[in-house]
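First residue of the sequence shown? That's 1 in UniProt numbering, and the numbers climb one at a time after it.
We put the beta carbon where it would ideally sit given N, CA and C, even for glycine.
Presented below is the structure to which this report refers.
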Amino acid sequence: MEIRRRWVALLTVLTVVAAVYLLFFSSMLGVQDVAVTGSRTVSADQIRTVAAVPADKPMLRLSTDEIRDRVAAMPGIATVEVSRSWPNTVEITVTERTAIAFFDSGPGGDGVHLVDGGGVVFKTVPSRPPGLPELKLPKVSADDPVTRAVTAVLGVIPEQLLKQVTTATAKTPASVEFTLASGKIVRWGTPEQTDRKAKVLAALLTQDGKVYDVAAPELPTITS
Numbered sequence: 001m002e003i004r005r006r007w008v009a010l011l012t013v014l015t016v017v018a019a020v021y022l023l024f025f026s027s028m029l030g031v032q033d034v035a036v037t038g039s040r041t042v043s044a045d046q047i048r049t050v051a052a053v054p055a056d057k058p059m060l061r062l063s064t065d066e067i068r069d070r071v072a073a074m075p076g077i078a079t080v081e082v083s084r085s086w087p088n089t090v091e092i093t094v095t096e097r098t099a100i101a102f103f104d105s106g107p108g109g110d111g112v113h114l115v116d117g118g119g120v121v122f123k124t125v126p127s128r129p130p131g132l133p134e135l136k137l138p139k140v141s142a143d144d145p146v147t148r149a150v151t152a153v154l155g156v157i158p159e160q161l162l163k164q165v166t167t168a169t170a171k172t173p174a175s176v177e178f179t180l181a182s183g184k185i186v187r188w189g190t191p192e193q194t195d196r197k198a199k200v201l202a203a204l205l206t207q208d209g210k211v212y213d214v215a216a217p218e219l220p221t222i223t224s
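Here it is in structure tokens:
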């Protein structure tokens with residue numbers, strides 16, 4: 001009986017050692033594939049390159065946080081999730097940034113810069129993209145409260161209205177205004193009360209005028 005107990009104990013130890021080796025040191029449960037989903041304009045190969053997931057490294061020894069941080073640093077990526085899919089796959093799910101406006105770097109500049117809804121400048125293109133309003137601001141940065149206010153407004157106004165906006169500007173976070181394709185100017189104010197402002201503006205735009213102020217939607221005004 002004593003011998004049997006010793007054999008059982010030995011087998012238990014060997015099993016634990018084998019399991020530890022298999023999980024933490026063997027390539028049998030190592031990385032063999034990196035699956036990327038959610039990419040559209042940023043290629044999956046670019047993401048894999050930046051992720052730099054070591055081939056054959058045991059899955060449990062991977063730092064998914066480090067992989068996530070590397071991919072999140074890519075200019076066109078908004079969010080990243082990294083997970084293990086056993087036995088051998090690392091899954092990277094991304095959400096790309098979506099341009100909501102642009103600004104021109106001016107004469108001698110390097111092109112037109114795309115900006116997302118959080119005010120992040122994430123891509124430069126050679127020419128003005130169709131369908132996007134232009135930001136007319138002294139400074140465009142995600143750290144700038146005025147930039148964030150303007151892009152926040154552009155991100156919440158109805159799509160039908162957004163399609164008409166050609167330029168957007170503001171001097172303070174509470175003084176957002178934009179110009180429509182018709183040449184009419186809309187003083188929108190803050191990103192709050194979007195639905196009410198949109199309804200009031202729709203009614204005002206049926207009347208002649210040059211400047212339509214819905215910053216205080218309960219007291220809208222039209223001036224010529």
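Who are the Cβ neighbours of residue i in its own chain at under 7 Å, not counting the five residues just before and after it?
i	result
Arg40	Glu96
Arg128	Phe102, Val112
Asp213	Arg187, Pro220, Thr221
Looking only at its own chain, which residues have a Cβ that is under 6 Å from the Cβ of residue i, when we skip the five neighbours before and after it?
i	result
Met59	Leu29, Arg84
Helix, strand or coil for residue i? Go by DSSP, reduced to three states.
i	result
Lys123	strand
Ile157	coil
Asp143	coil
Asp33	strand
Ile67	helix
Going along the chain, which residues of its own chain have a beta-carbon closer than 8 Å to the beta-carbon of residue i, five neighbours each way excluded?
i	result
Ala142	Gly118, Gly119, Val120, Val121, Arg148
Leu22	With a pLDDT of only 49 at Leu22, under 50, the local geometry of the prediction cannot be trusted, and the value read off the model is given with reservation. Excluding residues within five positions, the ones whose Cβ falls inside 8 Å are Met28, Leu29.
Met74	Val42, Gln46, Ile47, Val50
Leu162	Pro133, Leu154
Run the CB neighbour count on residue i, radius 10 Å, all protein chains shown included, and call it buried at 16 or more, exposed below.
i	result
Asp208	exposed
Pro126	exposed
Thr79	exposed
Lys139	exposed
Thr206	exposed
Val211	exposed
Pro107	exposed
Are the Cβ atoms of residue i and residue j separated by less than 8 Å?
i	j	result
Leu204	Ile185	no
Pro173	Pro145	yes
Ile92	Val36	yes
Phe178	Thr194	no
Arg70	Val50	yes
Asp116	Ile100	yes
Tell me, please, whether the stretch 191 to 207 touches the stretch 157 to 166 by the rule of three or more beta-carbon pairs shorter than 8 Å. yes
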